[in-house]
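**Q** Numbering (the numbering used here), first residue to last: 356 to 955.
Ideal placement from N, C-alpha and C gives every residue a C-beta, glycine not left out.
Treat the numbers as computed from the prediction; the structure is a model and nothing was measured.
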């Protein structure tokens with residue numbers, strides 16, 4: 356283990372609850388609020404289990420919500436000095452189900468009609484099937500509602516019940532029969548098939564238990580019912596132990612079938628040990644207090660980091676018209692803070708939707724403020740991430756060519772049997788093509804076209820069953836290079852694309868989860884806009900958690916902005932709608948009305 360591990364270990368020894376979680380030997384739920392150091396606990400726990408509790412050849416499974424979270428997890432473990440050994444899984448729930456359950460066991464149980472070999476359906480094909488069924492049944496429903504019902508209809512040990520959308524459920528059953536008949540799976544069906552195998556087949560459970568005596572789950576509240584039922588089955592019918600970390604108050608993906616209740620149930624009914632971390636090492640106390648006010652719940656979190664005595668601020672800004680007036684106010688404050696020495700990347704503008712993001716980015720560009728969009732028009736997929744590493748190697752960044760080649764070899768191994776001679780040839784070709792591509796270092800568009808063409812990437816991806824949307828995703832990347840800010844990108848910009856470089860962060864409210872900044876600007880705080888005027892009760896409840904997430908991103912300052920008039924497009928033309936501040940604004944400003952624009 357590296358010195359970084361011992362440095363982090365010394366840190367958590369100062370927090371009795373963090374240390375208790377680190378040393379727990381039984382299945383444990385850790386309730387980790389904003390800024391509580393959950394990633395540190397997770398990574399140290401993995402290191403401790405591998406070095407002290409789990410003997411080779413057994414390993415550990417670490418499941419996260421997103422690919423980006425999985426990459427960050429891997430990077431942090433590498434810095435801590437994770438040992439190189441077999442049977443360590445680090446990835447998303449979908450990749451766990453595919454690699455550890457579907458591929459090894461699907462063929463053994465034909466009664467489940469699991470399509471094999473695995474052939475993932477493309478988004479375009481999925482939409483064609485969905486629209487055909489919707490038209491035939493004359494049902495007015497969207498894919499998101501159908502997919503939410505698909506994730507929630509699985510049965511098992513959980514006692515959490517949800518009111519089904521019968522129309523969406525009917526579509527879900529029809530859709531799943533259709534894609535099964537055509538030999539396809541999607542990410543939802545992968546998890547559902549894997550859950551059924553684990554629930555019903557003792558041999559599958561026994562194999563998983565033998566390989567993984569522990570399973571670590573990050574962001575449990577985001578992962579939905581299939582994973583919840585999978586975990587309940589494993590801990591009930593095997594001796595596997597789990598270490599689940601999450602925060603029900605940060606469950607903001609109801610539209611994907613997530614619910615805060617699953618983590619609560621795991622802690623209350625199935626866990627031998629539940630630990631609530633109360634120290635917040637990120638934000639000043641006034642920010643913490645404000646986040647609990649908009650949540651509508653008291654959590655008694657305590658500021659215990661470098662800013663525990665910092666006089667932080669919640670500001671309320673009323674603008675006359677439109678988002679652009681809000682942008683003007685933000686611009687003034689950004690320039691003031693930057694002049695005082697605050698870097699741009701410590702400032703974030705949190706938007707309600709892609710249209711607000713577009714307006715904000717256009718405004719910042721016109722005013723020559725560098726900005727970073729946390730969500731791109733294309734997915735930072737495994738292939739795009741690999742292309743970024745290729746670009747980094749070409750321009751001399753600290754990237755291993757062997758690491759680049761491993762992924763390239765895996766892609767090619769899915770289409771043909773690779774013997775030693777072919778592997779050597781494949782490696783040499785990749786090396787020479789990347790060397791030759793140095794001539795395009797200053798023009799990402801030309802470099803990307805060259806690499807995709809010379810390596811026949813489009814043709815290779817067409818032959819694979821596991822990357823059905825990747826060629827379309829690469830095309831989205833290419834199309835983006837004709838627009839700001841991407842059109843000026845060189846290879847260094849592309850390599851650093853996932854890392855803001857002294858740029859103001861522009862993000863959706865959902866996209867801000869997991870991030871932190873000195874200052875956050877929350878725009879569009881008009882009633883009827885946030886929460887949306889015709890949302891249902893579940894969506895309304897979730898809006899409180901979304902606002903909690905947004906406020907708790909700030910370390911020092913959180914500024915809420917709304918406009919008295921917002922122009923909306925209607926079938927009768929533009930409508931200048933009079934607006935009032937939303938409930939979250941009022942909850943905070945009424946609590947501190949004598950201190951508007953003052954420390955709270």
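Assign residue 506 to buried or exposed, taking buried as 16 or more other Cβ atoms, counted over all protein chains shown, within 10 Å of its Cβ.
**A** Residue 506 is buried by the Cβ-count criterion.
**Q** So what does DSSP say about residue 641, is it helix, strand or coil?
**A** Residue 641: helix per DSSP, three-state reduction.
**Q** At which residues does the alpha helix (DSSP H) containing residue 560 begin and terminate?
**A** Residues 557-566.
**Q** One question on the structure: do residue 864 and residue 901 come within less than 8 Å of each other, judged by their Cβ atoms?
**A** Yes, the pair counts as a contact, with Cβ atoms nearer than the cut-off.
**Q** Looking at the C-beta of residue 836, does it have a partner C-beta in chain D at a distance below 8 Å?
**A** Any reference to chain D falls outside this structure, which holds one protein chain only.
**Q** Helix or strand or just coil, what does DSSP make of residue 383?
**A** Residue 383 falls in the strand class under three-state DSSP.
**Q** Assign residue 425 to one of three DSSP states: helix, strand, or coil.
**A** In this structure, residue 425 counts as helix in the three-state DSSP scheme.
**Q** Figure out for me which residue from 570, 585, 577, 502 has the closest Cα to the Cα of residue 557.
**A** Cα-wise, what sits closest to residue 557 is 585.
**Q** Would you call residue 569 buried or exposed, if buried means 16 or more other Cβ atoms sit within 10 Å of its Cβ?
**A** Buried: at least 16 other Cβ atoms inside 10 Å.
**Q** Give a yes or no on whether the C-beta atoms belonging to residue 609 and residue 894 are separated by under 8 Å.
**A** Contact flag set, yes.
**Q** Taking 7 Å as the limit between beta carbons, can you name the residues of its chain near residue 846, skipping five residues before and five after?
**A** If we look at residue 846 and ignore the five residues flanking it on each side, its Cβ neighbours are 746, 749, 750, 796, 799, 802.
**Q** Using the C-alpha atoms, what's the distance from residue 583 back to residue 728?
**A** The alpha-carbon atoms of residue 728 and residue 583 are separated by roughly 33 Å.
**Q** Hey, how far is the Cα of residue 725 from the Cα of residue 912?
**A** The straight-line gap from Cα to Cα measures roughly 21 Å.
**Q** Are the region 543-560 and the region 442-461 in contact at 8 Å, needing three or more beta carbon pairs?
**A** Touching, yes.
**Q** Going by beta-carbon coordinates alone, are residue 611 and residue 579 separated by less than 8 Å?
**A** Closer than 8 Å, so yes.
**Q** With distances taken between CB atoms, is the gap from residue 625 to residue 590 smaller than 8 Å?
**A** Contact flag set, yes.
**Q** Assign residue 515 to buried or exposed, taking buried as 16 or more other Cβ atoms, counted over all protein chains shown, within 10 Å of its Cβ.
**A** Result: exposed.
**Q** Could you check if residue 492 is buried or exposed, using at least 16 other CB atoms within 10 Å of its CB as the buried criterion?
**A** Exposed, since its Cβ has fewer than 16 Cβ neighbours within 10 Å.
**Q** Using 8 Å as the threshold, is the C-beta distance between residue 388 and residue 636 below it?
**A** Not closer than 8 Å, so no.
**Q** Is the Cβ-Cβ distance between residue 484 and residue 534 less than 8 Å?
**A** Yes, the Cβ-Cβ distance between residue 484 and residue 534 is below 8 Å.
**Q** Using 8 Å for Cβ pairs, my map puts residue 475 next to residue 820. What's the rounded Cβ distance?
**A** About 6 Å; that satisfies the 8 Å criterion.
**Q** Report the option in 915, 606, 855 whose CA atom is closest to the CA atom of residue 731.
**A** Nearest C-alpha to residue 731: 855.
**Q** Could you check the C-alpha separation between residue 501 and residue 490 for me, to the nearest Å?
**A** Rounded to the nearest angstrom, the two C-alpha atoms are 14 Å apart.
**Q** Below 8 Å, can you find three or more Cβ-Cβ pairs linking the region 663-681 to the region 913-926?
**A** At 8 Å Cβ cutoff, the stretches touch.
**Q** Return the CA-CA distance between residue 454 and residue 554, expressed in angstroms with no decimal places.
**A** Taking the straight line from one Cα to the other gives about 17 Å.
**Q** Does the distance from the CB of residue 703 to the CB of residue 667 come in under 8 Å?
**A** No.
**Q** On the CB-based measure, 16 or more other CB atoms within 10 Å of its CB, does residue 405 come out buried or exposed?
**A** Buried: at least 16 other Cβ atoms inside 10 Å.
**Q** Please report the residue range of the alpha helix (DSSP H) in which residue 747 lies.
**A** Segment 737-749, the alpha helix (DSSP H) holding residue 747.
**Q** Does the beta-carbon of residue 837 have 16 or more other beta-carbons within 10 angstroms, so that it is buried, or is it exposed?
**A** The residue is exposed, with fewer than 16 neighbouring Cβ atoms inside 10 Å.
**Q** By how many angstroms is the C-alpha of residue 700 removed from the C-alpha of residue 859?
**A** Approximately 5 Å, taken between the alpha carbons.
**Q** Just list the residues that DSSP pairs residue 863 with in beta bridges.
**A** Answer by DSSP bridge pairing, in chain order: 706.
**Q** Is the beta carbon of residue 903 closer than 8 Å to that of residue 743?
**A** Contact: no.
**Q** Do you know offhand how far residue 835's Cα is from residue 841's?
**A** Using only the alpha carbons, I get a separation of about 6 Å.
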